[in-house]
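To start, the structure itself, in structure tokens.
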Amino acid sequence: MRQPRGAAVRLIGAVAVGALAAGAVAGCSGQSQVPSIGYAVDAVVTSYNGGTAVGASSGSAALFSRVLTGFFYTGPEGQPVADTDVGTAKEVPGESQTIQYRLNPDGVYSDGVPTSCDDLVLTWAARSGRFQRPDGTPQFDSASTAGYADIERVDCQPGSKDATVVFRPGRWYQPWRTLFAAGELMPAHVAARVADVPNAVSAVQNAEPDAIARLADFWNTGWNFGSGDIDLTRFPSSGPYRVESFSAEEGLVLVANERWWGNAAETGRIVVFDKTSDLKQKVSDNAVGVVDIGMNSVPELNLDGFTVANVPGRGAEQLVLSTGGVFASAEARRAFALCVPRQALYDELGKAADLPGTGLGEGPLNSLITQQDSLFYGATIGAAERYRGSDVPGATAALAAAGTPNPTVRIGYLTPDDRRAKTVAKITEACRAAGITVVDAGAPDFRPTALTEGSVDAVLAGTASAPGPAGSMTGVFATSALRPVNGLDFGRFGNGRYDAITDQLAADDNSAAQLGLRTEAENLLWAEMPSIPLFATPRTIAFGAGLHNGVAGPTQGGTGWNMDRWVLRR
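Note that the sequence shown covers residues -21 to -1, 1 to 549 in mature numbering (1 follows the signal peptide of the UniProt record, and there is no 0).
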């Protein structure tokens, strides 16, 4: 049985201890188990495929990590945790970095098709960036190629439970445990069937152009959720839950997967209400047992009877800036950053009540790629000091130097979100004196692709432009979102030196090298200003009365990281 880990207890202190203690008395007399639990989370049900830019930026990992399992999942502190129910992954000695993967012999999708190394081959093909259209753009709309681009080949006999992943000579990818992870390891047999490709492994290994094009077309959008009924044959599960239905009114309904080979889910039905739902009404209707949302994002939310924690998340609340239009020059981006009142925003909107005492959430976030509780954080953030408060004279002078007087900046975000609306209002007030007009461009159907399309100039969101749960210890999405080969780079920032630095960071775990590289990266990013970090996104995580085994997960995996262990007794 998967138990909440001690690391989670360190993260949220007394709240986690209370949750664990409650679990110890789950069998007390006079209570019966509730057959269904509502889970309110501010991710968005957009795509089943967490490997796409759409899936990653909408928060798929927080919704589907116990539906689509992988060799690792994001634990409650943001660390990759091995899921041995799925299989084993181990690094083996050799001249080139080599990882041996072995899927559980009992592993089978909910549609009866066994899990196989075909799934790894498709994931690698989609995430590697090696397959391109004639115009040079990637065929697969991958959120990130980090790590996958360094893989030379995946040795796999179609249908086999074994795969050997061999990296390119001279490349070493330290965070390899983030590869082939939960929410991103997709069922290759579905893609092959719908795309009419007889053998996905052969198509990839032989680089068959027509077959690859059809696989890419399906991989990009074939697992998206629309407004109508979904074709469940496209959404088989490899985890303890499977998708039963989805609608805007009824939410995402997950039910126990009868073919799951591990420990059965403790509760047979989980109903996920995403950010587009009326979460206040769902809580009022007693339809929710677990809440995981941005702190103060839902005004007047009544959580009486819940055990509540307001904790800093691993995600970075930030303004992702365009590199075109009004922000075509770095000077203009720096001018805007000078007027943004980062310290005041933290003091009034970003300071979580329950700080863990590790540095996370203690003050404005001064790094674009390093966590506040990292040993490297304090020594690498000197360049951020200039941008602590609203410097109107500095912003005015910088705008004049950039040749963009009196610009208008449209800030987009997914509504409703009371805290982000107040964030934009405070930025509007602070920047007005510098001649900058800020427009609140929040919308209920907002997507970060609006930045790429030019309909907004900035996105207010978390790491990877996610509206809800975001961030991890490894920071793969944080670095990927600033590299032009990745779908998460919505602002279209690109810098060759930054790319080289992040390649080195991923390959070299020497402390001295890490310190030097991270310092150089921060100096470069604060000079180029592709985004403006504000604070560690504060999260409100609450467990209803009688909810047992709930452990907060203020990361990209969300608090649903162990939803299959939840029990609600009343």
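Just so it is clear, CB atoms sit at the ideal spot from N, CA and C, and this is done for glycine as well.
{"Item": "Residue 448 beta carbon less than 7 Å from that of residue 41", "Value": "yes"}
{"Item": "7 Å Cβ cutoff met for residue 369 and residue 318", "Value": "yes"}
{"Item": "Expected contact under 8 Å - CB spacing of residue 344 and residue 374 to nearest Å", "Value": "About 20 Å; that fails the 8 Å criterion."}
{"Item": "Cβ neighbour criterion (16 or more within 10 Å) applied to residue 351", "Value": "buried"}
{"Item": "Three-state class that DSSP yields for residue 342 in the structure shown", "Value": "coil"}
{"Item": "contact_flag[the stretch 328 to 336, the stretch 420 to 436] where n(CB pairs < 8 Å) is 3 or more", "Value": "no"}
{"Item": "4-residue-minimum alpha helix (DSSP H) runs that sit fully inside the stretch 381 to 461, ordered along the chain", "Value": "397 to 411, 428 to 432 and 455 to 459"}
{"Item": "Every unbroken alpha helix (DSSP H) within the stretch 124 to 211, with a cutoff of 4 residues, ordered by chain", "Value": "167 to 174, 179 to 184 and 188 to 200"}
{"Item": "Unbroken beta strand (DSSP E) run spanning residue 366, endpoints", "Value": "Taken as a continuous stretch (DSSP letters only), residue 366 belongs to no beta strand (DSSP E), as it is neither H nor E."}
{"Item": "Same chain, Cβ closer than 6 Å to residue 458, neighbours up to 5 away in sequence not counted", "Value": "348 and 481"}
{"Item": "One or two residues paired with residue 243 in a DSSP bridge", "Value": "Paired residue(s): none; residue 243 is not in a bridge."}
{"Item": "Coarse secondary structure for residue 97, derived from DSSP in three states", "Value": "helix"}
{"Item": "Beta-ladder partner(s) of residue 222, from DSSP", "Value": "233"}
{"Item": "CA-to-CA distance, residue 96 to residue 513, given in whole angstroms", "Value": "41 Å"}
{"Item": "Inter-stretch contact at 8 Å, needing at least 3 Cβ pairs: the stretch 110 to 128 / the stretch 458 to 475", "Value": "yes"}
{"Item": "Inter-residue Cα distance where the pair is residue 115 and residue 203", "Value": "25 Å"}
{"Item": "Neighbour-count burial assignment, residue 86, 16 or more Cβ in a 10 Å radius", "Value": "buried"}
{"Item": "Reduced DSSP secondary structure (H/G/I, E/B, other) of residue 480", "Value": "helix"}
{"Item": "Counterpart residues of residue 111 in DSSP-defined beta bridges", "Value": "117"}
{"Item": "Three-pair Cβ contact test at 8 Å for the stretch 31 to 38 versus the stretch 432 to 449", "Value": "yes"}
{"Item": "Nearest-angstrom Cβ-Cβ length linking residue 102 and residue 163, presumed shorter than 8 Å", "Value": "7 Å"}
{"Item": "Within 7 Å, strictly: CB atoms of residue 412 and residue 371", "Value": "yes"}
{"Item": "Status (buried if at least 16 other CB within 10 Å, exposed otherwise) for residue 490", "Value": "exposed"}
{"Item": "Contact check, residue 244 vs residue 543, beta carbons under 7 Å", "Value": "yes"}
{"Item": "Under 7 Å between C-beta atoms of residue 149 and residue 128", "Value": "no"}
{"Item": "Bridge partners - residue 67, DSSP secondary structure assignment", "Value": "81"}
{"Item": "Given residue 126 as reference, the closest of 104, 525 and 112 once Cα atoms are compared", "Value": "104"}
{"Item": "Contact check, residue 507 vs residue 359, beta carbons under 7 Å", "Value": "no"}
{"Item": "Three CB pairs or more closer than 8 Å across the stretch 280 to 287 and the stretch 318 to 330", "Value": "no"}
{"Item": "7 Å Cβ cutoff met for residue 262 and residue 231", "Value": "no"}
{"Item": "Contacting residues, own chain, Cβ-Cβ under 6 Å from residue 156 (five flanking each side not counted)", "Value": "51 and 59"}
{"Item": "Exposed unless 16 or more other CB atoms sit within 10 angstroms - verdict on residue 69", "Value": "exposed"}
{"Item": "Cut-off 7 Å between Cβ atoms - residues of its own chain near residue 532, not counting five sequence neighbours on either side", "Value": "55, 538 and 540"}
{"Item": "For residue 495, three-class secondary structure by DSSP", "Value": "helix"}
{"Item": "Segment limits, beta strand (DSSP E) that includes residue 52", "Value": "51 to 53"}
{"Item": "Where the beta strand (DSSP E) containing residue 334 begins and where it ends", "Value": "Premise fails: residue 334 is in no beta strand (DSSP E) and is neither H nor E."}
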